[in-house]
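Undergrad: Chains A and B, in that order, are what the protein sequence lines are.
What the first sequence shows, in the working numbering, is residues 43 to 316, in sequence order.
What the second sequence shows, in the working numbering, is residues 10 to 160, in sequence order.
First the structure, which I've put down as C-alpha cells, then a few questions once you've had a look.
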Amino acid sequence: MPVTENIYEPVKAKLTNIIDESPLIKTLVLVPEKEFSFKTGEFIELTLNGIGEAPFTPSSSPLVKDKLEITVMKAGYVTGKIHQLNIGDVVGIRGPFGKGYPLEKFYGKEVLIVGGGCGFAPIRSLLYKLIAEKEKFKKVIFCYGSKTPKDCIYKTLFKELRNIEKFQVLRSVDMADEPWDETIGVVTVLLDQIKIDINNSLAIVCGPPVMMKFGTIRLLEMGYRETDIYLSMEKNMSCGLGKCGHCMLGDYLVCKDGPVFTYNEIKGLPDIWR
Amino acid sequence: MEITVESLKKITFFKEFDSVTIEKILKISELQEFDVEEKIFDEHQKLIDIFVLLEGKVILGINVPGKGKINLGTIHPGQLFSWSALFPPSISTAYAFADVPVKVLSIKASKIQELVGDNDTFGYKFMKIIGQTLSKRLSDTRFQLINMASV
C-alpha cells in the first residue's frame, strides 16, 4: 500500500550513507520523511528531481521501517545519475508497489534461493525476513553467483549467514581472476552440491535474465514443479502502477501482478527471458 | 585411505553400478594424491587416465592469450574429470590442479574402453554417465560464455 494518498507523489528521503558494493554497484541508505513499510519482494520507484525515476526492490529488511536500503547497478542514464549522488542529497520514493513473495507458502518447507549479480538485492531483503522467521522454515539454501570475486556484493553478509542455524550458503564466480577459495563456475554448478528434498521445497530465482533462464532450466531438470519455482521478473517496470503498460508480460502487468511470478504462470509467454 | 567397493558406492559417479562392476573398475584403477597447487594435468596434454575426485577440490582452467591462466571451473568430490582421455585424440581441453590436498581415483582409459566393449550393459551405463557429464558441462559452459560476453 503506497504511503502517500496520491500514488504519483513521492515521499522525500535523505541519503545518509553510500556503500560501494562492487565497481558497478552501490547501496544507498535512505531515511524517508515518513515511516515506510514494504513486504519483501515489493518494489519502489526512486525519483531524482529533474532526472527521472527507476524501479528498485529494497535490499534492506522489511522489518525496519525508519530507513530503506536500495542497491543500484549503474546501467543507464538514471542509475548513472544515482551513482553520482552524495550523502545528504534528497531523493523521492514512491510505493511500495507490486506483489512480493508469498512467504506463507514457504512455511514448513526447504527454501532454495538461486541468485546472481545484482539479483542479490531483493534476495537480501528476503533473507532478512527468512532469518527473522527461521523457525517457520525447514532449511534455507542460498546459491549465489557473480562474474568475478570483485563483482560479489554484500561480502560481509555471507559470513553472518553461514553462522545461522538452518542456513547453507554456497558461492561461485564465473571466472576467478584473483584468489578465490569457493566454487568456480556458473551458479547452476552449485546446485550439484546441495542436498534438498525437492518434493518439500520451493525455489526462488533472481538475477540477470541469462541466469534466470539457465537457473530455471536446471531446477526443472532437478525435478522442481513449475508451480514451485518463483521468479522475480524485475524488468520493464516504469510507472510502477501498471498504468503505462510498459511492463506488459503477456496478459500480466509486472508492476501490478508481479514482479514475483511462478514459472508456471509465465512459462508460455513470449520473451520472458529477454 | 583404503578404497573398497563399499566406499565407492557412496560416490556419486559409481551410484548406477553394481558391486561386480565397481570391483572390475577398481581393478583397473589406482589411488593418487596431489598436494596443494600440484598440477594434475596440463592444457593440451595427452591424457591416459580419467579421474574421479574422491576428496578435496580440483580447479580447471585455460591459458588465455594476453591474460594468462584463468581458472574456470571447480571439480567437487564424486565428479568426473579428464574425460578427454576416453576420446581420441585424448588431448586435455583445460589444465587441472589441486586447490587443496586431493585424492583421486585414476582409471586407465584404455582399460575402461575394453570393459565398455566387453559388456554392453556396463558400456551403456558408463557412456550415459559420460554423456550426462558432458551435456551438463556444455550447458554450463554456454551459460558461462554468455555471462562473460556480457561483461
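Idealized CB from N, CA, C, for every residue including glycine.
Nearest to residue 307 of chain A by alpha carbon, out of A:193, A:283 and A:270?
TA: Looking at the Cα atoms, A:270 is the closest of the given residues.
Undergrad: For the segment 148-160 of chain B, enumerate the residues whose C-beta is nearer than 9 Å to any C-beta of chain A, in chain order.
TA: Going along the segment 148-160 of chain B in chain order, one finds 148, 149, 150, 151, 152, 153, 155, 156, 157, 159 and 160 with a Cβ nearer than 9 Å to chain A.
Undergrad: Whole angstroms are fine: how far does the CA of residue 257 of chain A sit from the CA of residue 55 of chain B?
TA: Near 34 Å, if we compare the C-alpha coordinates of residue 257 of chain A and residue 55 of chain B.
Undergrad: Among the residues of its own chain, which have a CB less than 7 Å from the CB of residue 196 of chain A, if the five just before and after it don't count?
TA: So the list reads 63, 162 and 166, once near-sequence residues are dropped.
Undergrad: In terms of DSSP beta bridges, what is residue 312 of chain A paired with?
TA: None; residue 312 of chain A has no bridge partner.
Undergrad: According to DSSP, is residue 267 of chain A part of a helix, a strand, or is it coil?
TA: Of the three classes helix, strand and coil, the one that applies to residue 267 of chain A here is coil, per DSSP.
Undergrad: Is the segment 62-82 of chain A in contact with the segment 187-202 of chain A, if contact means three or more CB pairs nearer than 8 Å?
TA: Touching, yes, given that three or more Cβ pairs across the two stretches are closer than 8 Å.
Undergrad: Below 8 Å, can you find three or more Cβ-Cβ pairs linking the segment 284-296 of chain A to the segment 228-246 of chain A?
TA: As far as the Cβ criterion goes, the segment 284-296 of chain A does not touch the segment 228-246 of chain A, which means the pair count is below three.
Undergrad: What residues from the segment 212-227 of chain A come within 7 Å of chain B, judged by C-beta to C-beta, listed N to C?
TA: Under the 7 Å Cβ criterion, the segment 212-227 of chain A contributes 216, 217, 218, 219, 225, 226 and 227.
Undergrad: Measuring alpha carbon to alpha carbon, tell me which residue in A:239, A:312 and A:275 is nearest residue 300 of chain A.
TA: Nearest of A:239, A:312 and A:275 to residue 300 of chain A, Cα basis: A:275.
Undergrad: Which partner residues of residue 243 of chain A appear in the DSSP bridge assignment?
TA: The partner list for residue 243 of chain A (beta bridge, DSSP) reads A:152.
Undergrad: For the candidate residues A:90, A:112 and A:143, whose alpha-carbon lies nearest to that of residue 382 of chain A?
TA: What the structure shows of chain A is the stretch from 43 to 316, and residue 382 of chain A is not part of that stretch, so it cannot be assessed.
Undergrad: Is the beta carbon of residue 84 of chain A sitting closer than 8 Å to the one on residue 140 of chain A?
TA: Taking 8 Å as the Cβ cut-off, residue 84 of chain A and residue 140 of chain A qualify as a contacting pair.
Undergrad: Going straight from the alpha carbon of residue 101 of chain B to that of residue 87 of chain A, what length do you get?
TA: The straight-line gap from Cα to Cα measures roughly 51 Å.
Undergrad: Is DSSP giving residue 64 of chain A helix, strand or coil here?
TA: The answer is strand: DSSP assigns residue 64 of chain A an E or B state.
Undergrad: Just the chain B side, please: which residues come within less than 8 Å of residue 231 of chain A by C-beta, in chain order?
TA: What residue 231 of chain A touches in chain B: 82, 83 and 149.
Undergrad: Taking 8 Å as the threshold (C-beta atoms), are residue 67 of chain A and residue 114 of chain A in contact?
TA: Cβ distance < 8 Å, so residue 114 of chain A and residue 67 of chain A count as in contact.
Undergrad: Could you check the C-alpha separation between residue 51 of chain B and residue 103 of chain B for me, to the nearest Å?
TA: Their backbone Cα atoms lie some 7 Å apart in a straight line.
Undergrad: Residue 49 of chain B CB to nearest chain A CB: under 8 Å?
TA: No, because no Cβ of chain A sits closer than 8 Å to the Cβ of residue 49 of chain B.
Undergrad: What residues from chain B crowd round residue 252 of chain A, counting only those whose CB sits closer than 9 Å?
TA: In chain order: 152, 155, 156 and 159.
Undergrad: Given that residue 79 of chain B touches chain A, what residues does it touch there, using C-beta distances under 7 Å?
TA: Those are 217 and 219, listed as they occur along chain A.
Undergrad: Which whole-angstrom value describes the C-beta separation of residue 90 of chain B and residue 67 of chain B, a residue pair presumed to lie in contact below a C-beta threshold of 8 Å?
TA: Confirmed, about 6 Å.
Undergrad: Measuring straight from C-alpha to C-alpha, what distance separates residue 111 of chain A and residue 126 of chain A?
TA: So the two alpha carbons sit approximately 16 Å from each other.
Undergrad: Specify, as a first and last residue, the run of the alpha helix (DSSP H) that residue 186 of chain A falls within.
TA: It is not in any alpha helix (DSSP H) - residue 186 of chain A instead sits in the beta strand (DSSP E) that spans 181-188.
Undergrad: Let me make sure I understand the geometry here. Which of B:117, B:78 and B:33 has the alpha-carbon closest to that of residue 94 of chain B?
TA: Closest option to residue 94 of chain B, Cα to Cα, is B:117.
Undergrad: Measuring CB to CB, does residue 62 of chain B end up less than 8 Å from residue 85 of chain B?
TA: Their beta carbons are under 8 Å apart, which means residue 62 of chain B touches residue 85 of chain B by this criterion.
Undergrad: For the segment 244-251 of chain A and the segment 150-161 of chain A, state whether three or more C-beta atom pairs, one from each stretch, are separated by less than 8 Å.
TA: Segments in contact, yes.
Undergrad: I want to check one thing, is the minimum distance from the CB of residue 123 of chain B to the heavy atoms of the ligand ATP below 7 Å?
TA: Among the components of this structure there are no ligands whatsoever, and the ligand ATP is therefore not found.
Undergrad: Just the C-alpha distance for residue 183 of chain A and residue 126 of chain B, rounded to the nearest angstrom, thanks.
TA: Straight-line Cα distance between these residues: approximately 42 Å.
Undergrad: Less than 6 Å between C-beta atoms, sequence neighbours within five positions excluded: which residues of the same chain meet that for residue 21 of chain B?
TA: For residue 21 of chain B, where only same-chain residues beyond five positions count, the Cβ hits under 6 Å are 87.
Undergrad: Here's the rule I'm using: 16 or more other beta-carbon atoms within 10 Å means buried, otherwise exposed. How should residue 148 of chain A be labelled?
TA: Buried, by the Cβ-count rule.
Undergrad: For chain A, is any of its Cβ atoms less than 8 Å away from the one on residue 68 of chain B?
TA: Closer than 8 Å: yes.
Undergrad: Taking Cβ-Cβ distances shorter than 8 Å, what residues in chain B pair up with residue 235 of chain A?
TA: Neighbours of residue 235 of chain A on chain B, chain order: 85.
Undergrad: Thinking C-alpha only, which one of A:181, A:56 and A:92 is nearest residue 75 of chain A?
TA: Of A:181, A:56 and A:92, the residue nearest in Cα terms is A:56.
Undergrad: If you drop the 5 nearest sequence neighbours on each side, which residues of the same chain put their C-beta closer than 6 Å to that of residue 170 of chain A?
TA: The residues are 103.
Undergrad: Our contact map puts residue 217 of chain A next to residue 79 of chain B with C-beta atoms below 8 Å; I'd like the distance itself, whole angstroms only.
TA: Right, the Cβ-Cβ distance comes to about 6 Å (below 8 Å), so this counts as a contact.
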